[in-house]
Amino acid sequence: METSEGTNLFPQELSTLPQELIIEILVRLPVKLLLKFRCVSKSWLSLLSNTEFRKTHVNFSIKNPKMADYTIVGVASVSGLGKICHVYTIQCENSFITVAKHGCPPKSLPLSAWLLGSCNGLVCLTSDSFTLMLLNPCTGNFNVFPDTMSQYKVGAGGCYVRYGFGYDASIEDYKVVKIFSFPQSEGRHENIVKVYSLKANSWSTIQGFNSGRINGMVGVFSNGALHWDVCHPHISCASSAIITLDLAAEKYGKIALPSYEDGGIHWTLGVSRGRLVACCNYETNKADIWVIKEYGVEKSWTKLVAISLPVDRRVDITPLYMAENGDEVLLKLGTELILYNSRNASFKRLADYVSGDFLQVQVATYLESLTSPHI
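Residue numbers (full-length UniProt numbering): 1 to 375.
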């Protein structure tokens, strides 16, 4: 294989290297190069298609976030235009985030989709005909399977649905969680929970739980668990907390949110380079972004960014990706994708997202990988 300049990219000596050393080199390379390297030889195609290599590459990327490539996909409902899809690559170097738009979105991404989260390079989304899809946008490979309906009687308060998508490392299985939440008296909710196992290719019902209102349609996956912020409006928003579901043990837990100032607020959750992030949105035009430095240790919540919004833009903020020290933050501000610079408090709107045109914007940030949506 030769470069455009005619130089040999793979010297003859490379074939004499031990395979273990070749793997150590390859796991450090971006997915875009690895996809090209599948054409080098049949042996390299076999290696790069191997499940163990794919897992090794993902694990290396997760443990070395500074060397990992992340991408953001956005599906937007546009007034008069239906839905459009934008895909952006993210690079972070020396606390500066660079966002570049892809020339074209993944062809296999249905524009009817609703994004339900990402894990290990796979994006989970709804599709047509009441089905779900696991998609690897880098390879274009996808897997479609049926969604599940509620078989429970819906009361006068109705029922709303929450999703979550993550990875059970104990059995190397991807799981989709669907919560049917039924409002009860005084703001309380009864939650029926179903779990889809990609390995078993089936849905099962696990133990449910009672809670306040679960905010946000999609749970956030981090450290082997899904996270939803829950508030008890019949008490006060001061009782807000994060409900967790460990996908391996299928047990629930709770993480207290960090302390905040007075004023009516609500929370949005995100994950940045593997770390759980929480954004405290105040009724006034400001927001604080926190990151939990040591998972499970509530005292390790650290406020990295305090954002002051323009007076005329009182909208929700959802954190998507952060530089290590919080100098720059990629976030969803209402229906817009924004790069916020905390050094000078400036907002940079990504191209093609124009305020007023968009009715709704869904966003998922994913790690670029070779992970297969099939097990």
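All C-beta atoms, glycine included, are put in the ideal place defined by N, C-alpha and C. Since the model is a prediction, treat every value here as computed from it, not as a measurement.
| Item | Value |
| --- | --- |
| From Tyr160, Asn94, Asp69 and Asn143, residue whose alpha carbon lies closest to that of Met149 | Tyr160 |
| Exposed unless 16 or more other CB atoms sit within 10 angstroms - verdict on Asp229 | buried |
| Under the three-state DSSP convention, the category Thr56 falls into | helix |
| Continuous beta strand (DSSP E) stretch holding Lys194: start and end | His189 to Ser197 |
| Uninterrupted beta strand (DSSP E) stretches inside the stretch 321-371 (no shorter than 3 residues) | 328-333, 336-341, 346-349 and 358-367 |
| Neighbour-count burial assignment, Tyr321, 16 or more Cβ in a 10 Å radius | buried |
| Through-space distance from Asn341 to Lys199, alpha-carbon basis | 42 Å |
| Arg162, buried or exposed, once every other Cβ within 10 Å from all chains shown has been counted against 16 | buried |
| Exposure label - Val123; buried when at least 16 CB within 10 Å | buried |
| Residue 387 versus Ser204, Ile243 and Ala345, residue with shortest Cα-Cα distance | Past the boundaries of the shown model lies residue 387; the chain is included only from 1 to 375, so the question cannot be answered. |
| Residues bridged to Val99 (per DSSP) | Ile90 |
| Test item: CB-CB of Leu132 and Thr126 under 8 Å | yes |
| Limits of the alpha helix (DSSP H) - the one that Val31 falls within | Val31 to Phe37 |
| Of the listed residues Met217, Glu172, Val73 and Ile22, nearest to Glu368 (C-alpha basis) | Val73 |
| With 16 other Cβ atoms within 10 Å as the buried cut-off, status of His57 | buried |
| Euclidean distance between Cα positions of Trp114 and Asn143 | 15 Å |
| Test item: CB-CB of Tyr260 and Cys280 under 8 Å | yes |
| Through-space distance from Ser372 to Leu33, alpha-carbon basis | 17 Å |
| Cβ distance (whole Å) where Asn210 is taken to contact Asn191 below 8 Å | 7 Å |
| Beta-carbon proximity check, Glu267 vs Ser308, cutoff 8 Å | As written in the sequence, residue 267 is Trp, which differs from the Glu given in the question. Contact: no. |
| Burial state of Glu294 (16 or more Cβ within 10 Å) | exposed |
| Buried versus exposed, by CB contacts within 10 Å (16 or more), Lys101 | exposed |
| Bounding residues of the alpha helix (DSSP H) (the contiguous stretch that carries Leu26) | Gln19 to Leu26 |
| Ile289 beta carbon less than 8 Å from that of Val305 | yes |
| Touching by the beta-carbon criterion (3+ pairs, under 8 Å), the stretch 269-283 and the stretch 53-72 | yes |
| CB contact flag (Gly334, Val363, <8 Å) | no |
| Neighbourhood of Pro183 by C-beta distance below 6 Å, restricted to the same chain and skipping five residues each side | Gly157 and His189 |
| Burial state of Pro137 (16 or more Cβ within 10 Å) | buried |
| N-terminal and C-terminal residue of the beta strand (DSSP E) that Trp44 is part of | Premise fails: Trp44 lies in the alpha helix (DSSP H), Lys42 to Leu48, not in any beta strand (DSSP E). |
| Simplified DSSP assignment, three categories, for Lys175 | strand |
| Check whether Asp327 and Arg349 have beta carbons under 8 Å apart | no |
| Gly219 vs His232 beta-carbon contact at 8 Å | no |
| Local conformation of Lys303 per DSSP, three classes | strand |
| Straight-line Cα distance separating Phe145 from Phe130 | 9 Å |
| Cβ pair Lys194, Lys178 closer than 8 Å | yes |
| Glu298 and Ala249 closer than 8 Å at C-beta | no |
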